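*Asks:* In terms of this note's numbering, the sequence shown has 114 at position 113, counting the first letter as 1, and numbering is strictly consecutive.
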Amino acid sequence: MSAPHHSPTTMSKSSAPRKATPLLTIAAILTFAVVQRLLLMPGLGGTDDVLYSLRGLEISHGDWRYSTDPGDLRFGIVLPIALLSHLLGNSDIALTAWSLICSLLEITAITILAGRYWGHRGAILAGLLVSLTPMHVALAGRPLADAPFAAFITLAFTGLFLAEKDHSRPMAVLSGVALGMCWCIKPTATIPLIAIFLVSIAWFRRLFYGWWLIALAFICIVSLEWLLLWNIYGDPLHTLRVLLPFLRTHQEYTGDPFWGYGTPAFYFQMMFRDMRDLWLLPHIAMAGLAFLVIRRQAENTRGDFGRYVVYWLVLMILAYSFFPISINPIKFIPKQENYAIIFVAPLALAGSWALLKAGGGLQALVVLIIGFGSFGLTSLEQQTVHNKQSRLDQSIAQARANNDSTYLVFDQAIRVAKLRELQGYPKPANLQPITAYYPEILPPGLAPSTIASESIEHRPEHIVLVLEPSNGSMVHAAAPALIAKVSQCGDRIGTIQSQKQGAGQFAVALIDGIKGHLPERIAKQLAFTEQIVRPPQADIIRLSATCLPTSTTPSKSAQDGVQFKATPRL
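1) Got a sec, what are the start and stop residues for the alpha helix (DSSP H) Pro347 sits in?
2) Locate the beta strand (DSSP E) running through Ala433, then write down its first and last residues.
3) Go ahead and pull the three-state DSSP assignment for Ile30.
4) Need the endpoints of the beta strand (DSSP E) that Gly325 sits in, please.
5) Look at the alpha carbon of Gly72 and the alpha carbon of Tyr340, and state the distance between them as a whole number of angstroms.
6) Quick one: grab the DSSP three-state call for Arg392.
7) For a quick check, are the C-beta atoms of Arg38 and Gly142 less than 7 Å apart?
8) Just to confirm the assignment: which complete beta strand (DSSP E) runs, minimum length 3, are found wholly within the stretch 359 to 383?
9) With three or more C-beta pairs closer than 8 Å as the rule, is the stretch 205 to 222 touching the stretch 179 to 197?
10) Does Val174 pass the burial test, meaning 16 or more other C-beta atoms within 10 Å, or should it be called exposed?
11) Roughly how many whole angstroms lie between the Cα atoms of Ser61 and Gly361?
12) Below 8 Å on the Cβ atoms is my contact criterion, and I expect Pro536 with Asn388 to pass it. Report the Cβ-Cβ distance as a whole number of Å.
13) Determine the DSSP secondary structure at Tyr312, reduced to helix, strand or coil.
14) Taking only three categories from DSSP, how would you classify Ala218?
15) Hey, how far is the Cα of Leu114 from the Cα of Thr26?
16) When you compare the stretch 316 to 323 with the stretch 124 to 141, are there three or more beta-carbon pairs, one atom per stretch, that lie closer than 8 Å?
17) Is Phe411 helix, strand or coil when you go by DSSP?
18) Return helix, strand or coil for Lys501, following the three-state DSSP convention.
19) Roughly how many angstroms separate the alpha carbons of Arg56 and Val79, rounded to a whole number?
20) In angstroms with no decimal places, state the Cα-to-Cα distance between Thr32 and Thr109.
21) Would you mind sorting Tyr67 into buried or exposed? The rule is 16 or more other CB atoms within 10 Å of its CB.
22) With distances taken from CA atoms, which of Ser499, Arg543 and Tyr234 is nearest Gln390?
23) What does DSSP give as the partner residues of Val465 in its beta bridges?
24) Skipping 5 residues on each side, what residues in its chain have a beta carbon closer than 6 Å to that of Val223?
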């Protein structure tokens with residue numbers, strides 16, 4: 002790619018002096034962010050957060066077991082969880098601390114960047130826009146990889162800009178280290194990011210001399226990961242050997258939400274039509290983007306930074322929407338909602354520039370609207386997570402209280418039980434994975450849970466199925482068939498209701514109370530809250546003889562459907 006006449010960060014003598022953001026301002030924004038995130042912390046949700054937490058606790062207890070699960074090999078998330086759990090204890094808050102720290106680190110970086118080039122008010126606005134984004138708040142309160150991944154992407158772009166502007170070797174090293182951490186957190190998702198940096202060589206080649214430092218720092222971090230893999234598994238490329246089959250499975254399989262969506266329009270629809278995760282931030286950012294592009298800046302440091310924000314935002318959205326993973330047929334990078342957090346930092350910078358163009362009264366009004374909307378949307382997310390996690394915890398408690406029966410649960414409940422065991426709660430011995438009995442419901446590319454054949458209970462009066470309605474493993478077409486079958490041939494002996502927890506329950510109650518008094522068009526937009534206000538229940542079904550599986554061997558094809566024991570109905 003040939004370089005344009007002007008680099009997006011053309012070096013020039015600044016006519017707008019750069020100032021350091023006051024520490025008191027940074028401290029105030031961070032204090033607000035911490036209080037908000039602790040108040041609306043969703044906690045565990047039974048998905049990858051439990052997987053990372055479980056692996057982190059195992060490592061903190063000295064268990065470096067062999068694993069071929071890609072989640073277990075994301076050392077950029079599991080090792081910090083292990084360290085913080087060792088220092089702070091095994092509580093859920095300790096497990097979430099790494100996400101919270103990374104969230105605050107990203108807010109700090111954006112506040113300092115905006116303050117340096119756009120002044121004190123720009124720092125406050127940018128910091129608040131990041132702090133108030135619903136997705137940023139929610140993911141700071143869950144031990145997932147998304148908040149750390151977004152934070153290190155922001156540090157990588159921050160280091161790149163400051164290295165070029167100041168000819169700073171430390172900033173070049175910071176950029177490379179951040180890229181390496183992104184690899185350790187989400188290797189495959191880092192590939193488009195590396196592609197962006199390779200393109201950036203063409204843009205910055207006239208002025209920036211430190212690309213070798215970025216590359217060296219990146220290689221050092223990745224080499225440390227490979228040395229760890231070599232020491233643990235005897236194979237420095239173990240992670241790559243594990244990931245390749247998963248990537249190949251996705252390339253060959255379509256239409257499965259387990260793998261994410263491939264349409265390039267996914268993030269655009271999410272930002273501008275479904276506003277639950279990013280609220281008004283993308284719309285404000287587009288106004289700022291228009292100001293930055295249409296109203297050409299003078300050739301000074303402030304204008305350089307504005308052009309860099311445009312460069313950063315546009316390349317990120319294009320790369321993570323249109324990056325090809327297959328040429329024949331053409332397939333684009335898979336998308337998931339949580340990944341959109343990587344756009345929050347440049348969106349907030351562009352949005353803060355738009356607000357700077359408005360008067361002080363309008364700025365305050367917009368921030369208040371964003372704040373109230375963010376509280377409501379984040380409260381709904383908090384309650385959604387609590388609803389599911391409370392059902393999983395109750396499933397485990399039911400099995401613990403009824404040890405005369407075998408409780409079949411989805412793999413998420415098995416992982417939660419293992420996690421709770423490491424936190425000091427006894428794991429029920431009668432808890433078994435449903436996928437070992439009905440392997441037909443496994444998503445593509447996953448192996449059935451292993452279970453000794455002699456431990457399988459063949460007395461139907463002693464087998465209880467807990468049908469969790471919102472389980473990620475139920476994307477396979479055979480899962481609904483299983484539920485329909487056991488609903489007919491089994492006896493429902495109870496239900497598990499979701500339990501409302503946290504500050505979010507008050508916002509949920511408020512929304513439920515006012516929804517009936519709103520105009521029909523607005524009420525229709527809030528229809529998605531029905532599943533949160535009145536969440537589905539988990540059914541407890543005692544199996545009959547006609548519901549028993551034939552064996553623990555997976556069926557030869559997903560199209561075969563669910564196989565049941567051929568026993569006449571009694």
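Ideal placement from N, C-alpha and C gives every residue a C-beta, glycine not left out.
Only a predicted model underlies this, so the values are computations on that prediction, with no experimental measurement involved.
*Replies:* According to the structure shown:
1) Counting along the chain, the alpha helix (DSSP H) containing Pro347 begins and ends at Val345 to Leu357.
2) Checking the sequence, you will find Gln at residue 433 rather than Ala. If you look at Gln433, you'll find it in the beta strand (DSSP E) that goes Leu432 to Pro434.
3) In the structure shown, Ile30 sits in a helix (DSSP, three-state: H, G or I).
4) This sequence places Pro at residue 325; Gly is not what is there. Residues Pro325 to Ser327.
5) If you draw a straight line from the Cα of Gly72 to the Cα of Tyr340, it comes to about 16 Å.
6) Reduced to three states, the DSSP call for Arg392 is helix.
7) In this structure, Gly142 lies closer than 7 Å to Arg38 by Cβ.
8) Taken in chain order, the stretch 359 to 383 contains no complete beta strand (DSSP E) segment of 3 residues or longer.
9) Judged by Cβ distances under 8 Å, the stretch 179 to 197 makes contact with the stretch 205 to 222, as three or more pairs qualify.
10) Classification for Val174: buried.
11) The straight-line gap from Cα to Cα measures roughly 50 Å.
12) Separation of the CB atoms of Pro536 and Asn388 is rounded to 4 Å, and the pair is thereby assigned contact status at 8 Å.
13) Correct three-state label for Tyr312: helix.
14) Reduced to three states, the DSSP call for Ala218 is helix.
15) The straight-line gap from Cα to Cα measures roughly 13 Å.
16) Flag = no, the stretch 316 to 323 and the stretch 124 to 141 do not touch.
17) It is coil, neither helix nor strand.
18) Lys501 sits in coil when the DSSP states are folded into three classes, being neither helix nor strand.
19) Rounded to the nearest angstrom, the gap between the Cα atoms of Arg56 and Val79 is 6 Å.
20) For Thr32 and Thr109, the gap between their C-alpha atoms comes out near 11 Å.
21) Its Cβ having fewer than 16 others within 10 Å, Tyr67 is exposed.
22) With respect to the C-alpha of Gln390, the residue from Ser499, Arg543 and Tyr234 having the closest C-alpha is Ser499.
23) Beta-bridge analysis with DSSP links Val465 to Tyr408 and Arg543.
24) Result list for Val223: Gly181 and Trp184, in chain order.
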